[in-house]
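Peer 1:
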Amino acid sequence: MLSHPHLNTTIVGTKNLEHFKENINTANKGKLSEDIYEEAKKRLSAIGAVPATTPDHK
-2 MLSHPHLNTT IVGTKNLEHF KENINTANKG KLSEDIYEEA KKRLSAIGAV
48 PATTPDHK
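Under our numbering, the first residue of the sequence shown is numbered -2, with each subsequent residue one higher.
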């Protein structure tokens, strides 16, 4: 989410406080590096879950 420049809002939720804390700690680390983001897109594509692309962030 933090790595995609055109993503302004996400709707997420958890009923588990520990999951919430983990999510906050992960988000506080900042956006993914470009190589990890590209690897995630490659893996999603391999299973048919292709993320949206934009002109400046493919």
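Glycine included, C-beta positions come from ideal geometry on N, C-alpha and C. This one's a predicted model, so the numbers in the text were calculated from it and none came from an experiment.
Closer than 6 Å by C-beta to Tyr34: which residues in its own chain qualify, once you throw out the five before and the five after it? Chain order, please.
Peer 2: Hits under 6 Å: Ser0.
Peer 1: Can you give me the C-alpha to C-alpha distance between Glu36 and Leu4, rounded to a whole angstrom?
Peer 2: Rounded to the nearest angstrom, the two C-alpha atoms are 19 Å apart.
Peer 1: If you follow the alpha helix (DSSP H) that Thr23 is part of, which residue opens it and which one closes it?
Peer 2: That run of the alpha helix (DSSP H) goes 14 to 24.
Peer 1: Take Asn25 and list the residues in its own chain whose beta-carbon comes closer than 7 Å to its own, dropping the five residues that flank it on each side.
Peer 2: Nothing meets the Cβ criterion.
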